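Numbering (my numbering), first residue to last: 1 to 249.
Cβ coordinates follow ideal geometry from the N, Cα and C atoms, glycine included.
Given the structure is predicted, the values throughout are model-derived calculations rather than measurements.
Structure record follows, encoded as C-alpha cells.
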Amino acid sequence: MPLLQQQILLGRCLLATDPEAVIATAPTAVLARPAEVARLQELIHGDGFQFTRAIHRSWCVARAAGAVRMTLSVLAPEQRRRLLDDWVEAGGGNALDVTTEAAGFLDVVAQHLPDPSHALSICRMEQAAYRASAAAACFTPPNPTALNNPWTMLRRGSDAALVRFLAEPRRVFEALAAGEPLPPFEGSFPYLFAPGLATLRRPATPDETALWDRLLMPTRLGVLGDNAVSASLIGELLAVGAITLAQPS
C-alpha cells in the first residue's frame, strides 16, 4: 500500500469513533493484502496511536466547549460533560472555523434545554450572535424600491433572530460573570440580532417584536400594511437585514 494511502487511512481512523470499521470497509484496491490489514490493525491498537487519539479528542472537547462557553457555563457539570462527550463522539470538534462548530453544537444543545429557561435564551443568543457576525462582513441591504409594490413578499432575515430573555439581560450577564444564581423570570425582554446593526444587536421595540412574530411565514407587504404595520418600520428592518424579500410561493 502506498504511503499516502496509509496516511489517509490512519487519518480516518484517528477521526473515527470506530477505527476498526474504517479498516474493515476500506476498498480492496487500497488494502489488497492481509499483511497490510494486519499492520494497520497493529498500528491502531498501539500505545502511540491511542495516545494520539486521546490528545485529538481532548482538543475536540476544548474546541467545542470554547465555541459555546457562555451556554455551557449555565449548565450542571454532568449535563455539560454529557453534551460535550456526545458531540465529540458524533464527530464534533473538528470544524475548521468556530462559527460552523458553534452553530452545529448549539443546535444540539438547544434540544436538551427546557423551554422557557435562561439557559435556552443564552443558547439562542449565542446562535444569533454567531450568525449575525458571520453575515455582517458581506451584508448588503435588499433594494428598498421593492417596498413600493404591495405584492412584495417579506420574511424574516436568515441571518437575523429575535431572542427573548426572561429577565433584564444586564442582570442575567452580571449574575453569570459573578458566578451567582440567575435572576427569577421577570417577563419577556426581546433583543434583535441582525447583520446590518452596528453592534449586531439591540433591544427590540414592541412594534418590531410584533412584526417579527407576524413573519413566522412569508407575508405579502400589502397584508402587513392593511394591519397598520408602518412602512418606515418595515424599511428600517429591511435595511439592517432583520427582514428580507421572499420569493412568492
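- In this structure, LEU14 is the residue among PRO218, ALA119 and LEU14 with its C-alpha nearest to the C-alpha of LEU43.
- Excluding sequence positions up to five before and after ALA103, its CB lies within less than 8 angstroms of the CB of GLN127, TYR130 and ARG131, all in the same chain and listed in chain order.
- DSSP links ALA246 through a beta bridge to MET153.
- Note on geometry: alpha-carbon atoms of GLY46 and THR199 lie some 51 angstroms from one another.
- Burial check for THR219: the Cβ neighbour count within 10 Å reaches 16 or more, so the residue is buried.
- Under DSSP, ARG201 takes part in a beta bridge, and its partners are PHE193.
- When C-alpha distances from LEU216 are compared across LEU224, GLU186 and ARG156, the shortest belongs to ARG156.
- Listed in chain order, the non-local C-beta contacts of LEU147 below 8 angstroms within the same chain comprise LEU221, ALA231, ILE234, GLY235 and LEU238, local neighbours out to five positions each way being set aside.
- Closest option to ASP213, judged by alpha-carbon separation, among VAL108, PHE173, LEU154 and GLN79: LEU154.
- Listed in chain order, the non-local C-beta contacts of ASN143 below 6 angstroms within the same chain number zero, local neighbours out to five positions each way being set aside.
- Following the DSSP letters along the chain, one finds ALA161 inside the beta strand (DSSP E) bounded by residues 161-165.
- Just so you know, the alpha carbons of VAL172 and LEU182 end up roughly 6 angstroms apart.
- In the displayed model, THR140 falls within coil according to three-state DSSP, outside both helix and strand.
- Comparing C-alpha distances from PHE165 to each of PRO190, LEU3 and PRO141 shows the shortest one belongs to PRO190.
- In the structure shown, the three-state DSSP call for ARG220 is strand.
- Here ALA119 is near LEU75, since their CB atoms are less than 8 angstroms apart.
- Under the rule that a run must span 4 or more residues, the alpha helix (DSSP H) segments found entirely inside the segment 44-84 read 47-67 and 69-73.
- Residue ALA194 holds the alpha-carbon nearest to the alpha-carbon of VAL163 among ALA35, ALA194 and PHE51.
- Contact annotation: VAL109 and VAL68 have beta-carbon atoms nearer than 8 angstroms.
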